[in-house]
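Each residue of the sequence shown is one higher than the one before, counting from 8 in my numbering. Think of the CB as a built atom: it goes at the ideal place given N, C-alpha and C, for glycine as much as any other residue. Note that the structure is predicted; figures quoted are calculated from it, not measured. Data first, discussion second: the structure below is written as structure tokens.
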Amino acid sequence: MSNNVMHSFNESTVEEAALSWFGELGYSVANGPDLAPGEPDAERDSLGDAVLVGRLSEAIDQLTPTIPLSDCFALLLRQSLSLPNLG
8 MSNNVMHSFN ESTVEEAALS WFGELGYSVA NGPDLAPGEP DAERDSLGDA VLVGRLSEAI
68 DQLTPTIPLS DCFALLLRQS LSLPNLG
């Protein structure tokens, strides 16, 4: 592979391709900086918030409408805390 090709392939290239593919699959995609704290469409309180809780809540409610959201979050929290330490 030539050096020119390697230099043009970066994180932005991968991110743009992934967003395009997810959009084609019907997922709602957004530009990360637009969701940052202080922006009109902010969906997180801090840049350290890796999970967009509002979007997660909506997805859980759509997938499991008969299970209370609090039960789903409790299960997710238990499972994430019990994952083996990979680092």
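- Are R51 and L63 closer than 8 angstroms when you measure CB to CB? no
- State the Cα-Cα distance for the pair W28 and G45, rounded to the nearest angstrom. 28 angstroms
- At 3 residues or longer, and completely inside the segment 32-60: list those beta strand (DSSP E) runs for me, N to C. none
- Message: Please report the straight-line C-alpha distance between A49 and D78, rounded to a whole angstrom.
- Response: 26 angstroms
- Message: Considering Cα atoms alone, identify which of A24, G39 and A81 is closest to L32.
- Response: A24
- Considering only residues of the same chain and omitting the five flanking positions on each side of G30, which have a CB-CB separation below 8 angstroms? Answer for G30: V36, listed in chain order.
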